[in-house]
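Going left to right, the sequence shown walks through residues 651 to 827 as the numbering used here numbers them.
Using N, Cα and C, we set each Cβ at its ideal position, and we do this for glycine too.
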Amino acid sequence: MSIDALKSRLPDYAKDLKLNLGSVLTTSSLSPLQAWGTAIAAAYASRNAEVTKAIVADAAAHLDAQNLTAAKAAGAIMGMNNIYYRFVHLADNKEYSKMPARLRMNIIANPGASKVDFELWSLAASAVNGCGMCIDAHEHEVIQKGATKENVQDVVRIAAVIHAVATVLDAEDALAS
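Laid out in structure tokens, this is it:
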């Protein structure tokens with residue numbers, strides 16, 4: 651499975667997604683490592699097996715094993731954190747924000763990748779998962795660590811395209827069954 655295979659599966663009504671998927675990973679302010687790590691975290695957050703397999707397969711040419719694992723870890727930990735912190739943020743009862751999360755998040759302290767890259771990848775997953783509190787926290791961290799607003803925008807553009815592709819493929823598979 652590859653990104654080209656994903657593009658071939660997209661129906662005509664999703665031509666814009668096909669075009670964006672072909673360009674968003676290469677026409678950005680991000681390094682190839684950052685862009686492909688972002689794609690992996692977004693694919694994990696988008697929860698589509700076909701998209702995840704294709705992205706991880708193509709990313710192997712751009713990431714070493716340690717960064718590949720860190721990008722997967724960003725998608726994994728945000729799968730937990732985004733639910734928890736979105737609840738804390740959205741709950742009317744603000745007492746929850748004063749309570750300790752009591753969830754293990756050791757990977758954030760030692761992700762096996764540069765801190766800015768891991769934060770960018772966490773931002774991508776947080777955007778897909780819709781956690782405003784996490785989006786704000788990761789955006790603040792990456793800017794503090796030297797990333798630009800263009801880097802942030804490119805991370806979110808990659809996440810948006812990958813999530814949209816996953817959504818279309820899920821819908822088309824549902825209609826075919």
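- Counting along the chain, the unbroken alpha helix (DSSP H) around L740 starts and ends at 715-740.
- By the neighbour-count criterion, in which 16 or more other beta carbons inside 10 Å mark a residue as buried, A797 falls on the buried side.
- In the DSSP assignment, R807 falls within the alpha helix (DSSP H) that extends over 799-826.
- The alpha carbon of G729 has as its nearest neighbour, out of I812, L683, D786, A692, the alpha carbon of A692.
- Proximity to L667 across H813, L825, A821, D823 peaks at H813, based on C-alpha coordinates.
- Burial of N731 is indicated by the presence of at least 16 other C-beta atoms within 10 angstroms of its C-beta.
- In this structure, the alpha-carbon of T702 lies about 24 Å from that of G782.
- In the DSSP assignment, H712 falls outside any alpha helix (DSSP H) and carries neither an H nor an E.
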